[in-house]
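Colleague:
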Amino acid sequence: MGKYILKRTLNSILTVAIVFVAVFMLLRLMPLSGYFPQEMLKETDEATRMTYLRNQGLLDHPLVQLGRFVKNLFKGDLGRSLTVYPKVPISTLLKEKIPVTAAFGFASMLLGIVLGLSLGMLMVRYKDRWGDRLGTGYILAVRAIPSLIYLFFIQVWVSLWLNLPMVFDKDIPSSWILPVICLSLGSIAWYALWLRRFMVDEENKDYVKFALVKGLPKKEVWRRHIFKNAIIPLVIYLPSDLLFIISGSLVIETLYAIPGTGGLLTTAIKNQDNNLVQIIVLMYAVLSVLGVFLGDLLVAAVDPRITLTEDK
Amino acid sequence: MKRILAFLLTLVMVFSLAATAVAEDPAAAAQAILDGKTFERTYNTYFSSSYASFNYYSTSYATVREIVANCIDGLVEPDIYGVYQPSLAESWTVNEDQTVWTFKIREGLKWVDHTGAETEYALTAQDFVDGIRYIGDPLNDAYSLRVVRNLISGLYDYYWLLDDIDCGNVTDKNRDEVVASFDEMVGVKAIDEYTVEYRLENSAPYFLSLIESSMLMLPVEYDYAMAMGDDFAVDNEHMLYCGAYYVSAFERDKAITLTANPHYWDLEHITLDTVEYQMIPDGTTSLEMFKRGMTDYTSVEAEAYDSLVGTEWEDNLLPTDHSFSTNYLWLDFAGENPEFNAFINNENFRKALLYSMDREVLAALREPIDPSRILRNTINAEGAIYDSNGVDYTDYEPLKTIKETNYNQPDLAREYMDKAIAELCDADGNIIGVEPTTVDYLPVCSFDVDGKLPVTICYVGTDDEGEIIMAQLFKAMIEESLGAENVDFQIQAFSGWTYGTVADPLNYDIYFDSLSTGYADPSGILTRITTDGAENVGKYNVPEFDALIEKALAAPTFEERLQYFAEAEAYICDNGFIIPFISSLRGYYMSYSVPYTSPLTLYGNSKYKGTLVMAEPLTQEEFAILDTAYEMEREKALSNAE
Amino acid sequence: MENTEKNISLNPLKFRAKVFDQIASEDTGYSNYSYWRSTFRTFFKNKAVMVLVILIVAIIVMSFVYPIISDIDPNKVALKRKEWNQRPSWEHWFGTDTLGRDIWTRSWYGVRNSFLLAFCIALSDVGIGMIVGAIWGYNKKLDPIMIEIYNVITNIPSTVYLVLLAYIMNTSYLTLFISMASRGWIVEARFFRNRILSIRDSEYNMASRCLGTPMRRIATKNIIPHIISLIIMEAALCIPYSIGSEVFLGFVGVGLPVEAITLGNIVNQGRASFTLHPYQMLLPTIILCIITVAFYVIGNKFADASDPRNHV
């Protein structure tokens, strides 16, 4: 067990390191003019621009820059944003943005799990009847209609019908309702879809048929056997989902003016804000390998059939 | 269409009714409107793109100007008629040739912090000197530095000396020594505690408007800024305020609260206690929120305009006032596309382009009712620059002719095009001297040209939805008037920082951009677009234009200066070296605030000082009456000022 | 004992020995069961599936035929303001867009282009994924390397290399294809690798192998049919997904030329006027929904139909 964890950890560190160095070097391939907003390019001559780049350390050899970055990182200095929020410390940015996004992410994840699992069970309970059709209809609708269209619709018209605020305001509790619902629409469909699939699979298994024939009450079989076994493949994603509640949704955060991390990475990349991109990529890579790792540990903990040993 | 006509008619009626009703005494009518109102002490508005930081020296974000305009006062400030009045400076004097400006600073003022409490830092002449000291150091990365750096005497040399030392080009001087010699090297001095003097390289009759428009001329408490280092003004808690408001709350990308500064020198003219900003990234959302009473202001885009006609809000749609920013097309004279190069250097082809577009249709994208209102054939805006007799710069001939020309003449364009083809092509439509090749405009695009007609034109704009629509209109118009067999107009939309990847490395044939009249002198734009000017993006070579600009700069009087500038501007526009076509103005707005109650900031950003906010939205009728009264008053005020 | 034996002894008048028939003896070993025939019979037995298949074929045929027979230029811009944003009429069945272009015409061009693009992407994702997955599943030594490659590719935010790609390439169908196909294959490869392993090691195949069935026979009779049904399902699901992701790529700047007509481009460009002229989005959205739902249902039902347990 201990050996397994050690090996997994080393492996994860390697993955993160490769990802990070790859992104770091890719960013250095971008053209130098990308570091300047239009107004600055227009107003400045070549020499002033070079001065700026030199001040920011962007003219050094990429490996020198990498070394400096890692050194600062170990000192706990995340650096400052370059173009998106000029000179604002990245740690400040993350400290401001992550809690907001995480709160929304957590609420919507909770809602997604509760509603998604309920819908999934409803679909199995009334398989091939109204419950199943309702659920399938919902899942298909979420997948088929372009999300931009229904999100827009919800923001403009549903807010009018229900008299809810159109944008998020931390002082108005009701302004949480629409964004949280919008955020969870997809995950409700996801949980319902897979829970139904796994439960139907379990239901057809011989041990279930045997238990029912043996005379165990249907409820008991459902609760203790089918549901428990069907939920295990879903549990593996739980840690990842939980960690990634900090990543946020670009579209929904923009629509409801939520000051979160949603568009941060995309904006940073588009504006060539290397410092910001590096930190975010590093953060997400760590979370991602950590999530998979914790998922495996969790499954091993809840599923006695699985043990974490070296050979399979 | 009928509805639009009906609306126009009512508009005309309302305006004429209003005009007749108030013909005797517009001021009294305007006063009557205001007398019946109660005014709020809070104003709710919004911003649509984030406030990256509040550092007024090193930011290019236009949004930041809006906050800074209210929080940091400059030396002077325009009144509601646009006449400069004392602000932090009580009075000022200028020497004969307008190269030395001396300002007497208001005494006893202190900087306040983000809680509105007075700090120990007094506001003195030294703070203005230090502002220049701050931007003069390359390490502080000041933006938009060029105009100020070249105008204040010695600043250019000081900046580059420091830069050379940082680069290692100059080793025999010590950085600290040079910084210490700032007071000797640079022409800005604190003569005593409350007197600051600026020495300029050239005569600058427009200096006051530059003070209004440039954030670089604002004061700073140097010790404080240095103590903050890189943290200076990254948020509301790391800066000091001396304006009518301070930022009492700041939630990045979400909300900003401006609170009236209790220690402000002009407290009696502050009419709003708080201004609440919230982030609304989308135009549709802001319109909806205005309808629901959640904000006191919304802009109304052309598309949304139609949806409001016939609703209860129709009566509240007000035309947006002015914009000194001009949209124009850059033409690439030195790009890699040999077909376009052959043609663009031909005067007839440039004229063909000039006359090929129906500018009113383009304008209708932004102003659906009266598109001609936003047409602009000149680079500098009408109403931005006046000579000392009050004559508008754009009324100087030959610029006046350009201003009044109708450029929608497809037949004429076709004639010019035929002439150009006759000069540049052989009988089979081969462009003389052009071989088939592949044009490499990457990362924008790359394409093959065959050296035959049609001429391939690569148009580059941003991926902004409105600009893409405009580009498609360009294509339709140009291909229709010049003939699709003669030109092949290709649209490339590009995202990100377009300028750095498209315009600067010349990866385009035609490029859409805008220029703004920054202060009350044509030199603001025109000196930047000379053959070796910083903004000559298309790399044209026009010695005639350069010569006129030289003459203008050396002219002994302001009137002569304007005359030469007008000739230069007319020359470069008439020959189609760049093609201005409309102003950047965007249609309409709705608001609870009374117009013409705050300072008329033509060159800088609007201020809330004096703004009156009503309990209900302003109507067109009220607007018409207030407008008439204001125009009369303004005329009086302007003539008094001279 | 003896008695009973006597009683059940055969009456030679009633029973006769059968001559051994070589051909008939083979017959009893097999039923006339054909896997593919059963699959298609089960598949088409479902009425809803029939309707959807007909619908989707109709849409695709229409989208390819319409541009040939129609003489309306989908990019024809109207230079008169009154021709912009027209409401549906006899002349323009679904109205005109912001620049007076006929939405009915544009939609069919859009369907054709989007479908072709999506088809190519499905082909490459599933095709490459399948081959790599098979090699990966077959060769255990590759496992650690492949897992590392998988981790790295899925952990680098796609925006990073999409933006870079946008810098070095034109906006064109090819660029869009490369950027959309750049990541899908590894995900599919992993999926196929897992499926191949689990089928190969499943109990009935182990049993079959113990009974001496040659591996080739197991592969052709048991593994490949199963995999083919998976391929069809994955490909079917891939098509609506790639149509949807066009929209995001347009946002990052790797989109198509402005004048290219795809469903993604139409939805993207109509987004701003959506609240003002909702009918402009109607037709493209309906078609998009039908395509998504149809492929989703068809893919799932085909997977069901190809499961031998559901065969009669």
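Residue numbers (the numbering used here), protein chains in the order written: chain V, 1 to 312; chain F, 1 to 642; chain U, 1 to 312. Beta carbons are placed, not taken as given, at the ideal position from N, Cα and C, and that holds for glycine.
Kindly list the residues whose CB is nearer than 7 angstroms to the CB of residue 482 of chain F, restricted to its own chain and excluding five residues on each side of it in sequence; keep chain order.
Modeller: 352, 356, 413, 414, 417
Colleague: Can you find at least 3 beta carbon pairs, one from the stretch 392-407 of chain F and one from the stretch 557-568 of chain F, that sit closer than 8 angstroms?
Modeller: yes
Colleague: Does any C-beta atom of chain F lie closer than 8 angstroms to the C-beta of residue 257 of chain V?
Modeller: yes
Colleague: Sort out for me which residues DSSP pairs residue 461 of chain F with in a bridge.
Modeller: F:493
Colleague: At which residues does the alpha helix (DSSP H) containing residue 101 of chain V begin and terminate?
Modeller: 90-125
Colleague: Contact criterion: CB-CB distance below 8 angstroms. Does residue 233 of chain V meet it with respect to chain U?
Modeller: Look at residue 233 of chain V: its C-beta is not under 8 angstroms from any C-beta on chain U.
Colleague: Just to confirm before moving on: does the CB-CB distance between residue 316 of chain F and residue 618 of chain F stay below 8 angstroms?
Modeller: Contact: yes.
Colleague: Three or more C-beta pairs closer than 8 angstroms, one from the stretch 166-181 of chain F and one from the stretch 87-107 of chain F: is that the case here?
Modeller: The stretch 166-181 of chain F vs the stretch 87-107 of chain F: no contact.
Colleague: Buried or exposed: which applies to residue 623 of chain F, given that a residue is buried once 16 or more other Cβ atoms fall within 10 Å of its Cβ?
Modeller: Buried is the call here.
Colleague: Rounded to whole angstroms, what's the CA-CA distance from residue 259 of chain V to residue 52 of chain F? Just pull it up for me.
Modeller: About 13 angstroms.
Colleague: Beta-carbon of residue 506 of chain F versus every beta-carbon of chain U: anything under 8 angstroms?
Modeller: no
Colleague: Which two residues bound the contiguous alpha helix (DSSP H) that contains residue 183 of chain U?
Modeller: 173-200
Colleague: So is residue 67 of chain U in contact with chain V if we call contact Cβ pairs under 8 angstroms?
Modeller: No, its Cβ sits nowhere closer than 8 angstroms to a Cβ of chain V.
Colleague: Express the C-alpha separation of residue 3 of chain V and residue 153 of chain V in angstroms, rounding to a whole number.
Modeller: About 53 angstroms.
Colleague: Thinking C-beta only, is residue 262 of chain U closer than 8 angstroms to residue 114 of chain U?
Modeller: yes
Colleague: Applying the 10 Å Cβ sphere with the 16-neighbour rule, what's the burial state of residue 185 of chain U?
Modeller: buried
Colleague: Starting from residue 81 of chain F and walking both ways along the alpha helix (DSSP H), at which residues does that stretch end?
Modeller: That residue, residue 81 of chain F, is in no alpha helix (DSSP H); it is neither H nor E in DSSP.
Colleague: What does residue 168 of chain U touch in chain F if you count any residue whose Cβ is under 8 angstroms from its own?
Modeller: 442, 443, listed in chain order.
Colleague: Can you list the residues of chain V that residue 281 of chain U reaches, using a CB-CB cut of under 7 angstroms?
Modeller: 149
Colleague: Just checking: is the beta-carbon of residue 101 of chain V within a distance shorter than 8 angstroms of some beta-carbon in chain F?
Modeller: no
Colleague: At a Cβ cut of 9 angstroms, what residues of the stretch 267-290 of chain F count as close to chain V, listed as they run along the chain?
Modeller: 278, 279, 280, 281, 282, 284, 285, 288, 289
Colleague: Would you say residue 665 of chain F and residue 236 of chain F are within 8 angstroms of each other, going by their C-beta atoms?
Modeller: Any property of residue 665 of chain F remains undetermined from this structure, which presents chain F solely from 1 to 642.
Colleague: Tell me which residues of the stretch 80-97 of chain U have at least one Cβ-Cβ distance to chain F shorter than 8 angstroms, keeping chain order.
Modeller: Of all residues in the stretch 80-97 of chain U, 80, 81, 82, 85 have a Cβ within less than 8 angstroms of some Cβ in chain F.
Colleague: Please list the partners that residue 15 of chain V has in chain U, where partner means a Cβ-to-Cβ separation under 8 angstroms.
Modeller: Simply 148, 151, 152, 155.
Colleague: Pick out the complete alpha helix (DSSP H) segments inside the stretch 398-460 of chain F, 4 residues or longer, and give them in chain order.
Modeller: 399-404, 410-424
Colleague: How many Å lie between residue 22 of chain F and residue 28 of chain F at the Cα?
Modeller: Confidence at residue 22 of chain F is low in this model, with a pLDDT of 47, below 50, so its placement is unreliable and the value that follows should be read with caution. In a straight line, the C-alpha of residue 22 of chain F is about 8 angstroms away from that of residue 28 of chain F.
Colleague: Within 10 angstroms of its Cβ, does residue 29 of chain V collect 16 or more other Cβ (buried), or is it exposed?
Modeller: exposed
Colleague: Considering only their Cβ atoms, is the gap separating residue 192 of chain U from residue 134 of chain U smaller than 8 angstroms?
Modeller: yes
Colleague: For chain V, is any of its Cβ atoms less than 8 angstroms away from the one on residue 52 of chain F?
Modeller: yes
Colleague: Would you say residue 246 of chain U faces chain F, with C-beta separation under 8 angstroms as the test?
Modeller: no
Colleague: Pull up the distance between the alpha-carbon of residue 193 of chain V and that of residue 89 of chain V, whole angstroms please.
Modeller: 42 angstroms
Colleague: Flag this pair as touching only if the stretch 382-397 of chain F and the stretch 517-529 of chain F have three or more C-beta atom pairs under 8 angstroms; answer yes or no.
Modeller: yes
Colleague: Run down chain U in chain order and give the residues with a C-beta less than 9 angstroms from the C-beta of residue 657 of chain F.
Modeller: As displayed, chain F neither begins before 1 nor continues past 642, which places residue 657 of chain F out of reach and without an answer.
Colleague: Taking the alpha-carbon of residue 40 of chain F as reference, which of F:580, F:276, F:629 has the nearest alpha-carbon?
Modeller: F:276
Colleague: Straight-line CA distance for residue 196 of chain F to residue 128 of chain F?
Modeller: 7 angstroms
Colleague: Taking the alpha carbon of residue 36 of chain U as the reference point, which residue from U:280, U:279, U:221, U:300 has its own alpha carbon closest?
Modeller: U:221
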